Amino acid sequence: MADEARLNHPPLTHVYDGRSRKAGGTIAAIWLGLLLLWWTIDLAEWIIALLLAATLPAAFEFARGKVARFRLDDQVMEWQSGRVSGTVALAKITQIRLETRWDLSVRVRILAEGQRITLPQDCVPPHRALETALGQRGVAVSRHHFGI
Numbered sequence: 214m215a216d217e218a219r220l221n222h223p224p225l226t227h228v229y230d231g232r233s234r235k236a237g238g239t240i241a242a243i244w245l246g247l248l249l250l251w252w253t254i255d256l257a258e259w260i261i262a263l264l265l266a267a268t269l270p271a272a273f274e275f276a277r278g279k280v281a282r283f284r285l286d287d288q289v290m291e292w293q294s295g296r297v298s299g300t301v302a303l304a305k306i307t308q309i310r311l312e313t314r315w316d317l318s319v320r321v322r323i324l325a326e327g328q329r330i331t332l333p334q335d336c337v338p339p340h341r342a343l344e345t346a347l348g349q350r351g352v353a354v355s356r357h358h359f360g361i
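214 is the number of the first residue of the sequence shown in my numbering; add one for each residue after it.
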């Protein structure tokens, strides 16, 4: 009976697109702001270059358009981020560790048959939804806050 109660939950899916409107708008707004500062108050070029350099990692990710995916159903958990992908059967999972880091992001570690697998950060779904979906499927979840 317990196994029947765990089945037939809707799958949890999460897709991260590096070319989101939010990312593009933020990069464009920062660059436009820097251009306006240069024109209006004649901000030094080295300051502009320094601030522009801080946006380059986000601009490169936007240009690459990397897509990350995560899917959890009643049988397996699967993820894909760039060239990194993986699948693990829920029956093989001993525990899922949700580790809150100092920057308040949540790292997901899967403990399965003696292996420790860390999910790529960009494919991790919102941690509350993930914790709920895992609980519905009977997977043990532990929370760890601000560990070293």
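Beta carbons are placed, not taken as given, at the ideal position from N, Cα and C, and that holds for glycine.
Keep in mind the model is a prediction, meaning the values are calculated, not measured.
Query raised in the report: Using the C-alpha atoms, what's the distance from T345 back to L311?
Result: Along the sequence shown, read from residue 1 onward, the residue named residue 311 stands at position 98. Along the sequence shown, read from residue 1 onward, the residue named residue 345 stands at position 132. Going by the C-alpha atoms only, they are around 12 Å apart.
Requested in this report: Would you kindly check if the distance between the Cβ of R329 and the Cβ of R320 is under 8 Å?
Outcome: Position 107 of the sequence shown, counting from 1, holds the residue named residue 320. Position 116 of the sequence shown, counting from 1, holds the residue named residue 329. In this structure, R329 does not lie closer than 8 Å to R320 by Cβ.
Query raised in the report: Alpha carbon to alpha carbon, how far is V289 from L247?
Result: Position 76 of the sequence shown holds residue 289. Position 34 of the sequence shown holds residue 247. If I take the Cα positions, the gap works out to 47 Å.
**Report entry** Rounded straight-line distance, which links the Cα of A281 to that of Q334
**Finding:** By one-based count along the sequence shown, residue 334 stands at place 121. By one-based count along the sequence shown, residue 281 stands at place 68. About 9 Å.
Report task. Keeping to the same chain, check which residues put their C-beta closer than 7 Å to that of S233; ignore five residues upstream and five downstream. Result -> Against the sequence shown, residue 233 aligns to sequence position 20. Excluding sequence neighbours, S233 sits near nothing in its chain.
**Report entry** Buried or exposed by the 16-neighbour rule on C-beta atoms within 10 Å, applied to I260
**Finding:** Position 47 of the sequence shown, counting from 1, holds the residue named residue 260. Per the 10 Å Cβ criterion, exposed.
Query - 8 Å contact criterion, which A271 and V301 should meet: CB distance rounded - result: One-based indexing of the sequence shown puts residue 271 at position 58. One-based indexing of the sequence shown puts residue 301 at position 88. Contact flag wrong, Cβ pair sits at about 31 Å.
Query raised in the report: Once you ignore the five residues that flank L347 on each side, which residues in its own chain have a CB closer than 7 Å to its CB?
Result: For the purposes of this step, residue 347 is identified with residue 134 of the sequence shown, where counting begins at 1. I309 and V354.
Report task. Under 7 Å Cβ to Cβ from L285, same chain only, skipping five residues before and after it: list those, please. Result -> Against the sequence shown, residue 285 aligns to sequence position 72. For L285, where only same-chain residues beyond five positions count, the Cβ hits under 7 Å are P224, L225 and A346.
**Report entry** DSSP three-state assignment for G299, whether helix, strand or coil
**Finding:** Taking the first residue of the sequence shown as position 1, residue 299 is located at position 86. Strand at G299.
Report task. Would you mind sorting W398 into buried or exposed? The rule is 16 or more other CB atoms within 10 Å of its CB. Result -> Since the first and last residues shown for the chain are 214 and 361, residue 398 lies out of range.
Query - Cut-off 7 Å between Cβ atoms - residues of its own chain near I240, not counting five sequence neighbours on either side - result: Numbered from 1 along the sequence shown, position 27 holds the residue referred to as residue 240. The residues are T268, A271, A272 and F275.
Requested in this report: Kindly provide the ranges of any alpha helix (DSSP H) runs that are 4 or more residues long and lie completely inside the region 230 to 287, ordered along the chain.
Outcome: 234 to 254 and 258 to 277
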